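Protein chains in written order, with my numbering: chain D, 1 to 207; chain U, 1 to 184; chain Y, 1 to 329. Data block below; observations after.
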Amino acid sequence: MSLEQFKNRNVGTQNYTMLDLGERPKTGWDRFKQVARRSVKLELFTGLKVTFREMIKALFMGEMHTIKYPFEKLPISPRYRAIHEMKRLLESGHYRCIGCGLCEKICIADCIRMDTRYDENQRKEVSEYTINFGRCIFCGYCAEVCPELAIVHGGRYENASEQRASFALFEDMLTPLDQLNQQQEFPGFGAVSPDADKKIKKTPLAY
Amino acid sequence: METFAFYLFSILIVGLFCVTVMSRNILYAMTSLAAGMVLISGLFFLLGADFLGVVQLIVYVGAVMALYAFGMMFFDATGTVKENNTPATTVFLLGGLSAVVLVVIFAAPAIGGNVHALYPTPEGATNPQAVGLVLFTKYLIPFEVAAVMLLVAMIAGIILAGKKMDKSLSRMKDESAVSEKDVK
Amino acid sequence: MDGYIIATVIKAVLVLSIIAALAGFGTYLERKVLAFMQRRLGPMHVGPYGLLQLAADGIKLFTKEDFIPSGANRLIFMIAPMITAATAFIALAAVPLLPEFKLFGVTVKPIISDLDIGILFVLGMMAAGLYGPLLAGMAQNNKWGLLGAARTAAVFLSYEVVTGLSILAPIMIVGSLSLIDFNNYQAGGMGEWLIWKQPLAFVLFLIAGFAETNRTPFDLIENESEIIAGYATEYSGMRWGMFFIGEYANMITIGFLASLVFLGGFNDWGFLPGGLAIILKVSFFFFFMLWVRASWPHIRPDQLMWLCWKVLMPLAVINVTITGFVMMV
Chain D
1 MSLEQFKNRN VGTQNYTMLD LGERPKTGWD RFKQVARRSV KLELFTGLKV TFREMIKALF
61 MGEMHTIKYP FEKLPISPRY RAIHEMKRLL ESGHYRCIGC GLCEKICIAD CIRMDTRYDE
121 NQRKEVSEYT INFGRCIFCG YCAEVCPELA IVHGGRYENA SEQRASFALF EDMLTPLDQL
181 NQQQEFPGFG AVSPDADKKI KKTPLAY
Chain U
1 METFAFYLFS ILIVGLFCVT VMSRNILYAM TSLAAGMVLI SGLFFLLGAD FLGVVQLIVY
61 VGAVMALYAF GMMFFDATGT VKENNTPATT VFLLGGLSAV VLVVIFAAPA IGGNVHALYP
121 TPEGATNPQA VGLVLFTKYL IPFEVAAVML LVAMIAGIIL AGKKMDKSLS RMKDESAVSE
181 KDVK
Chain Y
1 MDGYIIATVI KAVLVLSIIA ALAGFGTYLE RKVLAFMQRR LGPMHVGPYG LLQLAADGIK
61 LFTKEDFIPS GANRLIFMIA PMITAATAFI ALAAVPLLPE FKLFGVTVKP IISDLDIGIL
121 FVLGMMAAGL YGPLLAGMAQ NNKWGLLGAA RTAAVFLSYE VVTGLSILAP IMIVGSLSLI
181 DFNNYQAGGM GEWLIWKQPL AFVLFLIAGF AETNRTPFDL IENESEIIAG YATEYSGMRW
241 GMFFIGEYAN MITIGFLASL VFLGGFNDWG FLPGGLAIIL KVSFFFFFML WVRASWPHIR
301 PDQLMWLCWK VLMPLAVINV TITGFVMMV
């Protein structure tokens, strides 16, 4: 089934195929004939055939369905909203966050806390940045609002922990420097969509 | 060895049947009766009558007792039954007397040394063959009459049970269900 | 005489331990086969390929709380699972498991007791096995248990008739009730197998066997969607496990009976030696039971009774009559 078919919720307008079940037996004689016909045609063995075929497929043709979860994981959509990631600039390796504080402002669960100061070059520097994942509802507003694509949602969804609330520090979420060359530009939630240029409209200037 | 087994079986059978008679709990009575039946088939095996032993097992244990059990399910099997107490001395006297009479009847020929087989087992016949030979030569008519009797009983049972067999309770419409209630 | 007794005791202990172990192994096989048929892996983590799952289950069953409900009849509640397990193993006493073989110069007959009426004994013992579920259901003071017990009585009583009648036709042909005679009758290779002479009896026996071992199309005695676990509702721990050992032992017994009576028993099969042949046949029947469980849904209780009394029993009677006519002519 393709994705479009899958998403079609207009139940009743789709092309259903009606099964031809034939006439239901009415008299006892009809019922007897049905039983006899089904027994002679060995209809029951079709079921056996199906299960045996599936077993052969699973065992010898590599079509086993099981994912051994903690060892194997299914790929997830890039737009999945899991634990946040902080991105770096590709050229310099410096983190992208400019300390504007928009994410802190927009966070509806009030779970982001950041502190900034001016460094020696009079640039804004993030001195403290934590997200309380005990409160975060993964709505994605922070990533949506970030002007620099600095905070995005990543794909790490296993966040069971021993504490009730676990805080994540800026450094934990930041792409490690040695993996900078693997940083993808559009991997996660909150990034500009690929067709952003087409969607953009000029703001009318005349009033 | 066989004597030991015989006495073991006998004591167990008598004990179990005593439980059947004495117990006030339906479940105990039924279980001990069934167990006693199994042990009686053990006595048959001891005598070398394998076929009869197995028939005892299948007919009495497998079928008759299971039917009793089926009947028991309509009672509360875990509770105890309140028995109607008749004068204990009378019951004891009558029961004991009939037991003594039965024992005397069966034991007298054995003591007199008068027991001999009317139809001795032919040489080399296996157990089922021996039973079959006697059953289908000397006792053919009683055997057939018993079969006819069972057939009559079966037909009577079907007629008694099957009066409303063509009506399905689950498929009955509401109106007829109401009328059923009214009738009651 | 003494040697005979000692040999019998050794054989009994061997059969008991091997079949009990196989019954436990059967649960592992069942889970694996069902999993493969649904394209899953089944137990994988305890030991290599989950083989030690068996031991883990055993430990779990042994250490579980042995629970007896307060309203239950304690004594009967406690002995009921033993009846199931015991009758299942006693039934195996009259089944020849392997061909005769020589061990240290002594000829060993792998049958505990060679009765003249082996097949009847097995059927009788399986009939007595109905008391396990029956008493368990009645003793536990639980509605589901009682319903399970009622179904047990109905199913076993009805399907014993079919088992007996279906196996009557082969008995008439062979002219003996001993399972060894059945085996020897089919000694002449695959063409002599009784299944070719009695295909209908084979099918009927297999269907009735499914009902008597309480396997899937007919597992209404402990049908979880309707009556929780039926007679085993209040059971836990090893007592519950005993019901299962009994059930799997019964499956093995039915497998042995079907292969001895219809599929040539332990005669040499082509290049296969007899011992291996019968093990293969019994394994096939065991696999077939699991296969059917993976494939077919179970049926309603009224359909079960309908099938027994209106289809299988008339067919069995017709089969016996026709066999009788053919033998007379």
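The beta-carbon is built from N, C-alpha and C at its ideal position, and this holds for glycine as well. These numbers were taken from a predicted model, which means no experiment stands behind them.
Kindly indicate the opening and closing residues of the beta strand (DSSP E) around ILE112(D). The sequence position of residue 112(D) within the first sequence is 112, counting from 1. Its beta strand (DSSP E) spans residues 112-118.
Can you tell me whether LYS73(D) is helix, strand or coil according to DSSP? Within the first sequence, numbered from 1, the residue matching residue 73(D) stands at position 73. Residue state, collapsed to three classes: coil.
Step through the CB atoms of chain D and report whether any lies within less than 7 Å of the CB of LEU312(Y). By one-based count along the third sequence, residue 312(Y) stands at place 312. Chain D, which has no Cβ nearer than 7 Å to the Cβ of LEU312(Y), makes this no.
Within the same chain, show all residues whose beta-carbon is closer than 7 Å to that of VAL46(Y), passing over the 5 residues directly before and after it, in chain order. For the purposes of this step, residue 46(Y) is identified with residue 46 of the third sequence, where counting begins at 1. Contacts found: LEU52, GLN53 and ALA56.
Straight-line gap, LYS11(Y) to ARG24(U) (C-alpha atoms, nearest Å): Locating residue 11(Y) in the third sequence gives position 11, counting from the first residue. Locating residue 24(U) in the second sequence gives position 24, counting from the first residue. Their backbone Cα atoms lie some 42 Å apart in a straight line.
Taking a cut of 8 Å between CB atoms, which residues from the region 41-55 of chain D lie near chain Y? LEU44, GLY47, LEU48, VAL50, THR51, PHE52, GLU54 and MET55
From TYR331(Y) to GLU192(Y), what does the alpha carbon distance come to, in whole angstroms? Summary: the structure shown does not reach residue 331(Y), with chain Y confined to residues 1 through 329, and so no result is reported for it.
Applying the 10 Å Cβ sphere with the 16-neighbour rule, what's the burial state of ARG293(Y)? To locate residue 293(Y), count along the third sequence from 1; it is residue 293. Buried: at least 16 other Cβ atoms inside 10 Å.
Quick one: which unbroken alpha helix (DSSP H) runs of 4-plus residues sit fully inside the region 173-198 of chain Y? Chain order, please. Inside the region 173-198 of chain Y, DSSP marks whole alpha helix (DSSP H) runs of 4 or more residues at positions 179-185 and 194-197, from first to last along the chain.
Quick one: using the 10 Å Cβ neighbour count with 16 as the cut-off for buried, is ALA161(U) buried or exposed? The residue given as residue 161(U) occupies position 161 in the second sequence. With fewer than 16 Cβ atoms within 10 Å of its Cβ, ALA161(U) is classed as exposed.
Residues of chain U with CB closer than 7 Å to the CB of GLY124(Y), please, in chain order. For the purposes of this step, residue 124(Y) is taken as residue 124 along the third sequence, with counting starting at 1. Correct list: VAL54, LEU57, ILE58 and GLY62.
Residues in the same chain with beta-carbon distance under 8 Å from LYS184(U), minus the five sequence neighbours each way, listed in chain order, please. Along the second sequence, read from residue 1 onward, the residue named residue 184(U) stands at position 184. For LYS184(U), the pLDDT reaches just 45, beneath the cut-off of 50, and the residue's location in the model is therefore unreliable, although a value from the coordinates is still provided. Closer than 8 Å at the Cβ level, and outside the excluded window around LYS184(U), lies no residue.
Which class does TRP296(Y) belong to by DSSP, given the choice of helix, strand or coil? Counting from 1 along the third sequence, the entry for residue 296(Y) is found at position 296. Coil, per DSSP.
Limits of the alpha helix (DSSP H) - the one that ALA136(Y) falls within: Taking the first residue of the third sequence as position 1, residue 136(Y) is located at position 136. The continuous alpha helix (DSSP H) containing ALA136(Y) extends over residues 131-139.
Which residues of chain Y have a Cβ atom closer than 9 Å to the Cβ of PHE51(U), listed in chain order? Numbered from 1 along the second sequence, position 51 holds the residue referred to as residue 51(U). Per Cβ cutoff of 9 Å: ASP116, ILE117, LEU120 and LEU177.
Could you tell me the alpha carbon to alpha carbon distance between GLY15(U) and VAL33(Y), rounded to whole angstroms? Start at 1 with the first residue of the second sequence, and residue 15(U) comes out as number 15. Start at 1 with the first residue of the third sequence, and residue 33(Y) comes out as number 33. In a straight line, the C-alpha of GLY15(U) is about 48 Å away from that of VAL33(Y).
ARG88(D) versus LEU48(D), GLU171(D) and VAL145(D), residue with shortest Cα-Cα distance: Working through the first sequence from its first residue, we reach residue 88(D) at position 88. Nearest of LEU48(D), GLU171(D) and VAL145(D) to ARG88(D), Cα basis: GLU171(D).
Taking C-beta to C-beta, are LEU339(Y) and GLY137(Y) nearer than 7 Å? Not covered by the structure: residue 339(Y). The range shown for chain Y is 1 to 329.
With a threshold of 7 Å between beta carbons, is VAL178(U) in contact with chain Y? On the second sequence, position 178 is the one that residue 178(U) refers to. Low confidence applies here, because VAL178(U) scores a pLDDT of 49, under 50, leaving its location unreliable and the question unanswered by this model.
Show which residues of chain Y have a CB atom less than 7 Å away from the CB atom of THR31(U). Residue mapping note: residue 31(U) aligns to position 31 of the second sequence, counting from 1. Under the 7 Å cutoff, chain Y gives ILE76 and LEU135.
Could you tell me the alpha carbon to alpha carbon distance between TRP240(Y) and PHE45(D), rounded to whole angstroms? Taking the third sequence and counting its residues from 1, the one referred to as residue 240(Y) is at position 240. Taking the first sequence and counting its residues from 1, the one referred to as residue 45(D) is at position 45. The alpha-carbon atoms of TRP240(Y) and PHE45(D) are separated by roughly 33 Å.
List, in order along the chain, the chain Y residues whose C-beta lies closer than 7 Å to that of LEU27(U)? Translated into positions along the second sequence, residue 27(U) becomes position 27. Neighbours of LEU27(U) on chain Y, chain order: ASN73, ILE76, MET138 and ALA139.
Assigned secondary structure, LYS102(Y) (DSSP; H/G/I helix, E/B strand, else coil): On the third sequence, residue 102(Y) is found 102 positions in, with the first residue counted as 1. Looking at LYS102(Y) - three-state DSSP - the assignment turns out to be strand.
Can you tell me the Cα-Cα spacing of LYS143(Y) and LEU157(Y), whole angstroms? Locating residue 143(Y) in the third sequence gives position 143, where the first residue counts as 1. Locating residue 157(Y) in the third sequence gives position 157, where the first residue counts as 1. Distance between the alpha carbons of LYS143(Y) and LEU157(Y): 21 Å.
Residue range of the unbroken alpha helix (DSSP H) whose run includes PHE77(Y): Mapped onto the third sequence, residue 77(Y) falls at position 77. Element bounds for PHE77(Y): 74-91.
Measuring CA to CA, which of ILE171(Y), LEU165(Y), PRO170(Y) and LEU304(Y) is closest to ASP219(Y)? Translated into the one-based positions of the third sequence, residue 219(Y) becomes position 219. Among ILE171(Y), LEU165(Y), PRO170(Y) and LEU304(Y), the Cα nearest to that of ASP219(Y) is on LEU304(Y).
Answer with yes or no whether the minimum CB distance from ALA12(Y) to chain U is below 7 Å. Here residue 12(Y) refers to the residue found at position 12 when the third sequence is read from its first residue. It does not; no Cβ of chain U falls within 7 Å.
With DSSP as the reference, please indicate the residues paired to ALA168(D) in a beta bridge. In the first sequence, counting from the first residue as 1, residue 168(D) sits at position 168. ILE131(D), per the DSSP bridge assignment.
Quick one: list the residues of chain Y neighbouring MET72(U), beta-carbon separation under 9 Å, in chain order. As a position in the second sequence, residue 72(U) is number 72, starting the count at 1. Correct list: MET138.
Going by DSSP, what residues sit across from VAL108(Y) in a beta bridge? Locating residue 108(Y) in the third sequence gives position 108, counting from the first residue. Partner(s): PHE101(Y).
I'd like the ranges of any beta strand (DSSP E) spanning at least 3 consecutive residues and lying wholly in the region 61-107 of chain D. 84-86
By how many angstroms is the C-alpha of PRO314(Y) removed from the C-alpha of ARG24(D)? By one-based count along the first sequence, residue 24(D) stands at place 24. By one-based count along the third sequence, residue 314(Y) stands at place 314. Rounded to whole angstroms, ARG24(D) to PRO314(Y) spans 25 Å at the Cα level.
Would you please verify whether the beta carbon of ALA336(Y) is less than 7 Å from any beta carbon of chain U? Since the displayed chain Y opens at 1 and closes at 329, residue 336(Y) lies outside it and no answer follows.
Contact under 7 Å by Cβ, LEU115(Y) with ASP50(U): Here residue 115(Y) refers to the residue found at position 115 when the third sequence is read from its first residue. Here residue 50(U) refers to the residue found at position 50 when the second sequence is read from its first residue. A contact, by the Cβ cut-off of 7 Å.
Does the beta carbon of ALA294(Y) come closer than 7 Å to any beta carbon on chain D? Numbered from its first residue, the third sequence carries residue 294(Y) at position 294. At a cut-off of 7 Å between C-beta atoms, ALA294(Y) counts as an interface residue with respect to chain D.
PHE218(Y) CB to nearest chain D CB: under 7 Å? Start at 1 with the first residue of the third sequence, and residue 218(Y) comes out as number 218. No, PHE218(Y) lies away from the interface with chain D (no Cβ there is under 7 Å from its Cβ).
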